[in-house]
Amino acid sequence: MASSAGKVSSRRGALIGPGEPSPMFEEGALPGVLGIHGFGGTPLEVELVADVARALGRRVHLPLLPGHGTHADELSRTRWEDWAAAVEAALDRVSSPREPCVVIGLSLGSVLATHLAVTRPERVKALVLLANAFWLSAPFPAWALRAVDLLGVPDFRMPKVAADIADPVARRTHLTYGEHPVHAAVAVERAGARMRQRLSEVQVPTLIVHGERDRVCPVANAERVASQLGTRDVKVVLLPRSRHILTRDLERAEVARELRAFLERHA
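In our numbering, the protein residues as written are 121 to 387.
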């Protein structure tokens, strides 16, 4: 993915960090690979997915979710339905009725990936859940997010202190919003709650990868989700040194190896 040194801004709600938050699509063989980034992030978070898919000659698409890559004001106006519609459209670019694809999601992207697996099963042949966000632990627990939302505080924002990445270089160069609207964060929490009720409908081979130092989504999510999936073809990988954005963290090479092995088997 081509990236350039974008402007670093501290304006309220602006993107902070280098790089361009553009979607990415590359032609290649089917079955393709769909990589979905996380809440407040950009396709740069899952560029590792594109690197692995490209090495295998696969078609790959990393969409930019609505409300992302612009300004937090846009994020505050987006809903789960907007994100779901975007990934459904993206799915059609890397799959066909005869060639279902592998869907890989990071954080919020893992919830959206699961949405595709249960609502478009004919288009999804395998699933990868990275740092899955079916339950949250930080920056606020679910009850706190909902309480603030119910208080009706207009445009309440959570400051983004730093990306949850152990690697100091990756943390400094991570492109994300300087703050997140609580209303949008509540949408993430509710999406996780809604979709975890449907985990038993997932019938495709699934790889689950989670950082043991994740401060956003509990590491317990990995085994918890694995135990509730409808498929028994599940592999869980825990990374002892990684935090939430594990595709850019200290063990990203291990993530790449796991992704490559999974894609070689299923794509």
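Cβ atoms here follow ideal geometry from the backbone N, Cα and C, with glycine treated the same way.
An exposed status is given to A149, since fewer than 16 other beta-carbon atoms sit within 10 Å of its beta-carbon. Rounded to the nearest whole angstrom, the C-alpha separation of E242 and G350 is 16 Å. Around the CB of A175, fewer than 16 other CB atoms lie within 10 Å, so the residue is classed as exposed. Under the DSSP definition of a beta bridge, I224 partners with G155 and V248. DSSP places P301 in the uninterrupted beta strand (DSSP E) bounded by E299 to P301.
DSSP assignment within the segment 153-202 yields the following whole beta strand (DSSP E) runs of 3 residues or more, N-terminal first: 178-182.
The segment 205-224 makes contact with the segment 238-252; the number of CB pairs closer than 8 Å reaches 3 or more. If you look at H330, you'll find it in the beta strand (DSSP E) that goes T326 to G331. In this structure, DSSP gives L236 a helical state, which the three-state scheme calls helix. Note that the C-beta distance between A387 and P151 is below 8 Å. Taken atom to atom, the span from the alpha-carbon of E309 to that of F254 is near 8 Å. Under DSSP, E146 shares a beta bridge with V180. Burial state of A205 is exposed, judged by a 10 Å Cβ sphere holding fewer than 16 other Cβ atoms.
Rounded to the nearest angstrom, the Cβ distance from S362 to G331 is 3 Å, consistent with a contact under 8 Å.
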